[in-house]
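Asks: Please read through the structure below; I'll follow up with questions.
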Amino acid sequence: MDCARDALGFIDPNLPRNEWVRVGMAAHAAGLSFEDFDEWSSRGESYSAPQCRATWRSFKTGKGITAAS
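To convert, count from 1 in the sequence shown and add 883; that's the working numbering.
Here it is in structure tokens:
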């Protein structure tokens, strides 16, 4: 998990929404916490705490993008 957290730190959070969601899905699949994703997302210019929380909650385990994507 530390590897996934470290990797997340190298990705610019100022991504188009669809790419930001894909990064979130991969972070979720890798076992990172909402706090990890929120901290990373908060560095982005268009950060919205409620939007970040709602997006994270929409991710389902075993579905969609994985850390290997």
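Glycine included, every Cβ here is placed at the ideal spot set by N, Cα and C.
Roughly how many whole angstroms lie between the Cα atoms of F893 and A937?
Replies: For F893 and A937, the distance between alpha carbons rounds to 24 Å.
Asks: For D921, which residues in the same chain have their Cβ closer than 6 Å to its Cβ, ignoring the five residues on either side in sequence?
Replies: Taking C-beta separations shorter than 6 Å and ignoring five residues to either side along the sequence, the partners of D921 in its chain run C935, following chain order.
Asks: N897 and E928: beta carbons closer than 8 Å?
Replies: yes
Asks: Is there at least one non-hydrogen atom of the ligand COA closer than 7 Å to the beta-carbon of A913?
Replies: Of the ligands one can find in the structure shown there are none, so the ligand COA has no counterpart to examine.
Asks: Helix or strand or just coil, what does DSSP make of T938?
Replies: Three-state DSSP puts T938 in a helix.
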